[in-house]
Amino acid sequence: MHGRTAPIGAVRAGEGAEVDLAKRRKAMGYSQEKFAHEIGVDRTTAGRWERGETAPEAGMRPKIAELLHLDLIELDVMLNPAECEGPATSPSDVRHDSGDIDDMIRREFLRLIAVTGALSALPPDEVNALSESGETAGEFHRMNSHLWKVYQLARSKSSISPVVQDQLSALTETFRSGSPRRTEVLCEAAGDLFQLAGELAFDRNRYTDATASYTLAASASSNARAHDLWACALVRHAYVDLYAKRFSQAAETLEVAGKVATHGDSALSTRYWVASVQSEAYAGLRNEAACEKALDEAQRVTDLKGTVHNGGWLRFDGSRLLEERGARYLQVGRLDLAESTLKTALATDALAKGASFRRRGVVLVDLASIGAKRRDAEQVTAYGGEALQLAQRTRSGYVARRLQALRAEIGSLGREPRVAELGAAIGALRTP
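Heads up, the sequence shown is in our numbering, so the first residue is 396 and it goes up one at a time.
Shown next as structure tokens:
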């Protein structure tokens, strides 16, 4: 999504990773040394992955998935096989080193989402209409809006999970005790909150959980007849497929999102956000004409007047379209066009004056990536070095993760001394 961060952090490798990862690597015809070389790491690092001692950084996973002919979700499943779920009789029975406490919290979180989702889908006369007690729908909307703002500003996104869980609990109780005439408005509040819950899951690499949350968000928004909210839920659902490089599935979901958005508020940017994300799906499918058409449609957001988003589940305002256009050109292999577009973006006020270090860092990494594809060591080190300095100065985890992906892309070019030095410095970055 617009401004969306890639899933963060390296996830703990689970039991069984040793067999599965090594097996897959051998099946694809790679020696451990060759496999490590293609990714841009030492053989000992690859060995630790296969023994389950550590897990690959997020930025390296796309290259690993490509080598092993997996999508990113399949790779994550291989690295983190599902743990057996058994009921814990009491906190003292929980093994604190096994991740079970986290799983218990997660299961309760998902249970609340499922219960609230079911209540939002029931006809009004099947929901217990006992009283007008509990928070009003307006209060839920205000709290949801506040949570989105906190989410955007929080350095640790997971830190707001307990508050979101409390909000889900309160919403569930209100559904159970509220009057039928408020059900539609509460469904809209649920659709909003489910999208935020999905974002939290996505940020923690819980892609199945994120998909479930977005699905319920779309259902609740549909029941509320909130077309913009509904379309945004579908866009977020598509992002799970985009991350896994399932571009056809993403394009199909986005096509539906576009149709839903046409019934929404024409003063909002929803339909143009859909088009912007569609351009990424089409670029992934190497459909350059459709990608260009979607980018042009997204550009029409600049014709809107006044406030075009709500700063919560809808944040698209078109301010990053130049950067996104350059990234899409890079994605389809139009390197000259990508370079000129990204350089223009780099010179805009927002990026040149440091209004967004993260956005500037991403553009710098994309320009370095163009150098890597051209086997141009000077371009890689010039732009990659500047992005590295920015990541070190601002401690931006997102720019650091993008640099990790660049490091994996460098490949054999990493033998050049300057590039090797850059790769080593990127490897030393801490990735939150």
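A virtual CB, placed ideally from N, CA and C, is assigned to each residue, including glycine.
For Val742, does the three-state DSSP call read helix, strand or coil? The sequence shown places Ala at residue 742, rather than the Val named in the question. If DSSP states are grouped into helix, strand and coil, Ala742 belongs with coil.
In the DSSP assignment, the alpha helix (DSSP H) including Asp604 goes from what residue to what residue? Tyr602 to Asn618
Short of 8 Å in beta carbon distance, which residues of its chain neighbour Asn539, apart from the five on each side in sequence? Order them along the chain. Gln562, Ala584, Asp587, Leu588, Leu591 and Gly707
For Arg802, which residues in the same chain have their Cβ closer than 6 Å to its Cβ, ignoring the five residues on either side in sequence? Gly435, Gly818 and Ile821
Alpha carbon of Gly593 to alpha carbon of Thr606, nearest angstrom: 7 Å
Could you tell me the alpha carbon to alpha carbon distance between Lys748 and Leu725, rounded to whole angstroms? 24 Å
Can you tell me whether Ala422 is buried or exposed? The criterion is at least 16 other CB atoms within 10 Å of its CB, across all chains shown. exposed
If you run the structure through DSSP and keep just helix, strand and coil, what is His432? Note: His432 maps to helix in three-state DSSP.
Secondary structure at Gly659, three-state DSSP: helix, strand or coil? coil
Can you tell which of Leu566, Leu548 and Ala549 has its C-alpha closest to the C-alpha of Arg537? The residue with the shortest Cα to Cα distance from Arg537 is Leu566.
So, helix, strand or coil for Leu716, using DSSP? Helix at Leu716.
Comparing C-alpha positions only, which one of Ser426, Glu428 and Leu416 sits nearest to Ser460? For clarity, residue 460 is Ala in the given sequence; the question names Ser instead. Residue Leu416 is the option with its Cα nearest to Ala460.
For Gly454, which residues in the same chain have their Cβ closer than 6 Å to its Cβ, ignoring the five residues on either side in sequence? Arg796, Gln799 and Ala800
Sorted by chain position, which residues of the same chain lie with C-beta nearer than 7 Å to Arg723's C-beta, five sequence neighbours on each side aside? For Arg723, where only same-chain residues beyond five positions count, the Cβ hits under 7 Å are Ser674, Glu675, Ala678, Cys686 and Leu690.
Applying the criterion that 16 or more other CB atoms from any shown protein chain within 10 Å of the CB defines a buried residue, is Glu448 buried or exposed? exposed
Can you tell me whether Asp698 is buried or exposed, with buried defined as 16 or more other CB within 10 angstroms of its CB? Around the beta carbon of Asp698, fewer than 16 other beta carbons lie within 10 angstroms, which makes this residue exposed.
Spatial neighbours of Arg443 within its chain, please: CB distance less than 8 Å, with the 5 preceding and 5 following residues excluded, ordered by chain position. These residues qualify, in order along the chain: Thr449.
So Ala626 and Val669 are supposed to be a Cβ contact under 8 Å. How far apart are they, rounded? 6 Å
On the criterion of 16 or more Cβ atoms from any shown chain inside 10 Å, does Ser664 qualify as buried, or is it exposed? buried
Just verifying my parser: in three-state terms, what is the DSSP assignment at Thr449? coil
DSSP state of Thr702 mapped onto helix, strand, coil: coil
For Ser643 and Leu649, I'd like the C-alpha separation in whole angstroms. 10 Å
For Arg446, count the other beta carbons within 10 Å of its own beta carbon; 16 or more makes it buried, fewer makes it exposed. Which is it? exposed
Spatial neighbours of Lys458 within its chain, please: C-beta separation below 6 Å, excluding the five flanking residues on both sides. Ile434 and Ala803
On a CA-only basis, which of Glu579, Ser614 and Gly728 is nearest Glu683? Give me that one, please. Gly728
Residue range of the unbroken alpha helix (DSSP H) whose run includes Phe752: Phe752 to Arg769
Which same chain residues, not among the five before or five after Pro482, have their C-beta less than 6 Å away from its C-beta? Since pLDDT at Pro482 reaches only 34, below the 50 mark, its modelled position is unreliable, and no value is offered.
Can you tell me whether DSSP reads His464 as helix, strand or coil? coil
Host alpha helix (DSSP H) of Thr776 (start-end): Under the DSSP assignment, Thr776 falls in the alpha helix (DSSP H) whose first and last residues are Ala772 to Thr789.
Report the rounded CA-to-CA distance for Ala549 versus Tyr793, giving the unit in angstroms. 13 Å
Compute the Euclidean distance between the alpha carbons of Arg790 and Ser551, then round it to the nearest angstrom. 13 Å
Does the beta-carbon distance from Leu746 to Arg753 come in below 8 Å? no
Just how far apart, CA to CA, sit Tyr546 and Ser426? Just so you know, the alpha carbons of Tyr546 and Ser426 end up roughly 43 Å apart.
Count the other CB atoms within 10 Å of the CB of Ser556; is the residue buried (16 or more) or exposed (fewer)? buried
Can you look up Met423 in the DSSP assignment and give me helix, strand or coil? coil
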